[in-house]
Structure formats: structure tokens, C-alpha cells
Amino acid sequence: MNNIPVLALSGIHKSFPGVKALTNVSLRLYPGEVHALMGQNGAGKSTLIKVLTGLYRPEAGTLTLDGKRIAPRRTEDAQQLGIRTVYQEVNLCPNLSVAENICAGRFPRKSWLGGGRIDWPAVHAEARRVLAQMDLDIDVTAPLSRYSLSIQQMVAIARALRISARVLILDEPTSSLDDAAVQRLFTVLRRLREQGLAILFVTHFLDQTYALADRITVMRNGETEGEYLAADLGRLALVNKMVGAPPDQQPTRLDSRATKTGAAVLKAEGLTRRGALHPLDLELRRGEVLGLAGLLGSGRTEAARLLFGADAADGGHVTTAGRSGRWRSPREAIAAGIAFCSEDRKHEGAILDLSVRDNILLALQARHGLRLVMSREQQQALADDYIRRLGIKTASADTHIGQLSGGNQQKALLARWLATEPAVLILDEPTRGIDVRAKEDLMDAVRALAHREDENGQAGMSILFISSELPEVLHCSDRVLVLRDRRAAGVYRRGELDERSVLEVIAAEPAAA
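Anchor point for the sequence shown: position 93 equals 93 in full-length UniProt numbering, and the numbering is continuous, going up by one each time.
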């Protein structure tokens, strides 16, 4: 390996109002290597990429290219320096041809004698040349939409490589690919590595990291935790560094206290979506909190969205309330008594310009439609009741929800779904971005909802609880389903797990096929 990094960052600081996004971050990237950038959600990876690509300017620190200091202020500056990025969502035009996508913005043109028009034979030849470097032979005149997502991903890489790329940054390139497509992409990346390209590979998948990466940089809480040779860093050690759990930490245990649960109210059998989740079996009982544990990208949110009908399943079925099948929409899931609090409350949850009351009533209206007739007084009484029961701190039900703290917004969204009186409540990262006291209040509410008994002695609500914080999962859950690399790695009852044991399950190598 070359002793001089092609790209290096040192002492990088970046902050936003009230938030330190990056603190003293460093990174070295060498020619002819694949360097994995690892870290949990919020670790600072995306901010670091935006610094590298000129979208953000750091407040302190240095960037060097071949040992010479650089200061890209725009993405165009970074591209001219040979720093190219392919983002998670393929940013191409499916209605245009493969060649047009590769050459867009820099089309070969005829001389002024030819009127300066686009030289289409040259465009097609240029596209074939770039794709040949990746050992990819496809019809460059065909619309991009004809090809699979994995081929589109490679076309995006070809576009990035066309203009003298020195550094290729890949941001979660495999998040929507199935196993065969991942292996095809890896074959291309290994070929590019052999050609001397420096590749920064941002991923959450442990198996893919160890299959491809030469070195690993781990980020946590906006700081560089360390830089390691992949061959010298074990899986469990990597997970510990990502989540900040040292091996000698006092474990948080899933205690063995008895809780009363009833019959299964939701069953998923073979539920799957190509590129998102391998076939999953799941059972949730009445009065139970079932925790989903795993790293970001393990398939937790993907499973929740399939159970709620937000994404369409390719196989398997869900059984609840006497109905069995695949939900075609969230409306069908809501009608079957399933509620879902998304992890992205700003874009998929709270309507910030509406009042707290209106936000609480939204799901109730969606479930009952035109059959729901409530007077203004009834709406107010319902909102006030949940504000009181959940301790939502707001001046009144008429206050815009956007004026509330993150914790109180989350409580209002919980109230929205509780108002529908669901049989199953799915909570995806319900404590993200809220303070410690609000987290405790919300977890207390979750346990109370599940473990209460009605007047007939029946168990309470069934809750699927998803969190990146292992202590929260272990504290709230009656059972824990551990996911790893988009598939189930095991289900555990109370008393069987502590935090270290979960980390070991997450970090374990997959069994040989």
C-alpha cells in the first residue's frame, strides 16, 4: 500500500445550532484500498461525507489530496479534484439511455464545423469504454429503466468514474440490493481496487464489511473512535466500538419477571421483500412487548414497514384479527388493528403546522373514514384526555405540534395511535432525539400499555418495540428477536439475555450454507 494517503482529513470540526456534528475527526484513504466507514445512526458519517464532497465547510481541521491541502466549497470543486460520490438512492434518469446517464453534463460534441451538436456515436463509445473498465457489457442505447437496480447502481458508479476519479465514495450502495446483486457489485469494486482507485465504503452490514474492506474507521457520537485493519478487528470488538459498550461493562439484563401474555394476535410467516428482508417468522402475543434488536440496516425497520403495509411484501403473509394475507396499504393494516409510529416523526409522523389535537385525531379519521362523526367538543375531550394521560407538555390542544419538544411530539404521536384502540402497536425508534426524562416516561407508558389487564383479566396491548439502544430493548421487552443482516438470528425470553449476549449474537458470523 502507498505510504501517502490520496485523501486525508485531520482535526475536522463541524457544528450546527445546538449540535456538534463532528469533533476532531480524522480519516486516511489510500490508493488501491477499500476503506469501510462504520458507525450507528447519528455517528456523523453523513456529515463527514458532505465535508468531503464540498457540501459542508468545516469550522476547523484540514483536508489534503496527495499531501496538498484542499478546501472544496462546492460539489463541483470536489469532483474536479477527483472526489466522486454515489449516494444510497441512485440519482439517475431512468427514462434516458444508459449512455445519456453516464455522459450527462459532459457530452462529447462535434467540432464547430459540425455545428457543435452532440456526437452520439462518441457518446455511445465513451459509455462502453467506461463500462468496460468495470467488465460490464450492456446495451448503452437502451433506457436505464430496462435494467435492474444493481445495474443502475453500477451505471451510477460508471458516471462517477468517467472523469478522472481518484476517490470513490459509496454511501450505503447495497441497502436495496439482494445477495446476488451485492456479489456482482463487489466483483466490480475489487476490480476497481486493483486498478488503484481509493474507495470509501459506507455501510452497516458486518458481513459485507469483512468481505470487502481492507481497513475500517469507526465513528461514534461525531468522533473518530479509531482506525483498524479489518483483519485485526473481530466482529464483536467492532460492534462494541460502534455502540460504545466496552467488554467489561456492567450488563443490562432482560430480567426474568413473569408477565401475563395471551394468545398470538399477530403472526408473520415467511414475510420477505427482495433486497430488504429475508423470509421472517414472527409471533406477537397479547399483552407482550416484543423487542427487535440489531444494528442499523439489520432489517428492523424493513420488517415493521412490511407488517404495516407501508412497503409491499414479495412473499409470506401476516395473520391478525382472523385475517391472513399481505397488506396492500397501511389503510388495510389500520383496519386490522395495527398501528405504527415511524422512526422519522418529522417526515412520516407529525404534521408540524397542525395543532396537537388535529395530529392526535389523524389516524382515528383514517381508520373510520366518513363513518367517524365527532363534535368539536368530543374531539377536544379526546385530545385533552390523552394529553393528560401521557403527560404531554403543551399550552393547549390548539398549540401547533411543531412548537413542542421532541419528547412531547413523540408522546402526541403515540396518542394518535392509541386513539385508534389498536390490537398491535409498532414503535420504531420511539425514543430517538428526546431527553432522558422523556425516554423514561415513554418506556413507562409502553410497559403499562402491555402489562395492564382489562376488567375481564385479559392481558393488555401487543407492542413491537424497535430501538438501537440495547438497554431500552432489554428494559422494555418480554422477548427479544435479534436481527442480523436482514434475517432473524434468534428469539430470546426473559432471563436468557444480557447486553453482551445480544452483541455477541449480532456480531456472530453467519452459518455456512
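Think of the CB as a built atom: it goes at the ideal place given N, C-alpha and C, for glycine as much as any other residue.
Other residues of its chain near residue i: CB distance less than 7 angstroms, five sequence neighbours each side excluded
| i | result |
| --- | --- |
| leucine 296 | Gln40, Asn41, His204 and Ser468 |
| phenylalanine 186 | Ala211 and Leu212 |
| proline 247 | Residue placement at proline 247 cannot be trusted, given a pLDDT of 47 that sits under 50; what the coordinates show is reported in the next sentence. Excluding positions up to five away in sequence, the list reads Asn240. |
| serine 145 | Pro94 and Asn95 |
| glutamate 343 | Thr301, Asp428, Glu429 and Arg432 |
| tyrosine 87 | Asp171 |
Boundaries of the beta strand (DSSP E) in which residue i is found, first to last residue
| i | result |
| --- | --- |
| leucine 352 | That residue, leucine 352, is in no beta strand (DSSP E); it is neither H nor E in DSSP. |
| aspartate 428 | 424-428 |
| alanine 304 | It is not in any beta strand (DSSP E) - alanine 304 instead sits in the alpha helix (DSSP H) that spans 300-308. |
| asparagine 408 | Run containing asparagine 408: none in the beta strand (DSSP E); it sits in the alpha helix (DSSP H), 406-418. |
| glutamate 269 | 264-273 |
| tyrosine 492 | 487-493 |
| leucine 284 | 277-285 |
| leucine 483 | 479-484 |
Beta-carbon contacts of residue i that lie in its chain and below 6 angstroms, excluding the five residues immediately before and after
| i | result |
| --- | --- |
| tyrosine 492 | Val480 |
| alanine 99 | Val123, His124, Ala127 and Val140 |
| arginine 84 | Ala160, Ala165 and Leu168 |
| valine 289 | Ala450, Ile463, Phe465, Cys476, Ser477 and Asp478 |
Buried versus exposed call for residue i [16 or more other C-beta atoms within 10 Å across all chains shown]
| i | result |
| --- | --- |
| alanine 36 | buried |
| serine 375 | exposed |
| glycine 349 | buried |
| serine 164 | exposed |
| glutamine 249 | Legend: pLDDT at glutamine 249 = 47, less than 50; position of this residue unreliable, value from coordinates given subsequently. Its Cβ having fewer than 16 others within 10 Å, glutamine 249 is exposed. |
| alanine 448 | exposed |
| arginine 305 | buried |
| leucine 63 | buried |
| arginine 437 | exposed |
| serine 256 | Any reading at serine 256 needs caution, since the residue's pLDDT is 46, under 50, leaving its predicted position unreliable; the model's value is listed next. Exposed, because fewer than 16 other Cβ atoms sit within 10 Å of the Cβ of serine 256. |
| phenylalanine 16 | exposed |
| aspartate 441 | buried |
Terminal residues of the alpha helix (DSSP H) in which residue i lies
| i | result |
| --- | --- |
| cysteine 103 | 98-103 |
| histidine 124 | 120-133 |
| histidine 475 | 470-476 |
| lysine 241 | 235-243 |
| threonine 187 | 179-194 |
| isoleucine 4 | Unbroken run through isoleucine 4: none, as it is neither H nor E. |
| aspartate 171 | It is not in any alpha helix (DSSP H) - aspartate 171 instead sits in the beta strand (DSSP E) that spans 167-171. |
| proline 143 | Where proline 143 is concerned, there is no enclosing alpha helix (DSSP H), given that its DSSP letter is neither H nor E. |
| aspartate 319 | For clarity, residue 319 is threonine in the given sequence; the question names aspartate instead. Unbroken run through threonine 319 is the beta strand (DSSP E), 315-320; no alpha helix (DSSP H). |
| methionine 219 | Counting along the chain, methionine 219 falls outside any alpha helix (DSSP H), though it belongs to the beta strand (DSSP E) covering 215-220. |
| isoleucine 387 | 376-390 |
| tyrosine 228 | That residue, tyrosine 228, is in no alpha helix (DSSP H); its beta strand (DSSP E) goes 223-229. |
Contact belief for residue i with residue j at Cβ below 8 angstroms, rounded distance in angstroms
| i | j | result |
| --- | --- | --- |
| glycine 270 | serine 477 | Contact flag wrong, Cβ pair sits at about 23 angstroms. |
| arginine 273 | aspartate 314 | 5 angstroms |
| glycine 222 | lysine 20 | 6 angstroms |
| aspartate 428 | isoleucine 466 | 5 angstroms |
| glycine 54 | histidine 13 | Not quite, the Cβ-Cβ distance comes to about 17 angstroms (not below 8 angstroms), so this is no contact. |
| glycine 309 | proline 330 | 5 angstroms |
| isoleucine 118 | arginine 162 | Incorrect: roughly 16 angstroms between the Cβ atoms, too far for contact. |
| residue 546 | alanine 423 | The structure shown does not extend to residue 546, since the chain is modelled only from 1 through 513, so no value can be given for it. |
| isoleucine 426 | leucine 307 | 6 angstroms |
| arginine 328 | alanine 336 | Contact doesn't hold; Cβ gap of about 12 angstroms is too wide. |
| leucine 382 | threonine 394 | Incorrect: roughly 15 angstroms between the Cβ atoms, too far for contact. |
Residue i CB to nearest heavy atom of the ligand NAD below 7 angstroms
| i | result |
| --- | --- |
| lysine 439 | This structure lacks the ligand NAD; in fact it carries no ligand of any kind. |
Residues near residue i by beta carbon distance below 8 angstroms, same chain, minus five either side
| i | result |
| --- | --- |
| aspartate 358 | Ile351 |
| glycine 294 | Arg300, Val482, Leu483, Arg484, Ala489 and Ile506 |
If we require 4 or more residues per run, which alpha helix (DSSP H) segments fall completely within the segment 39-81?
45-52 and 75-80
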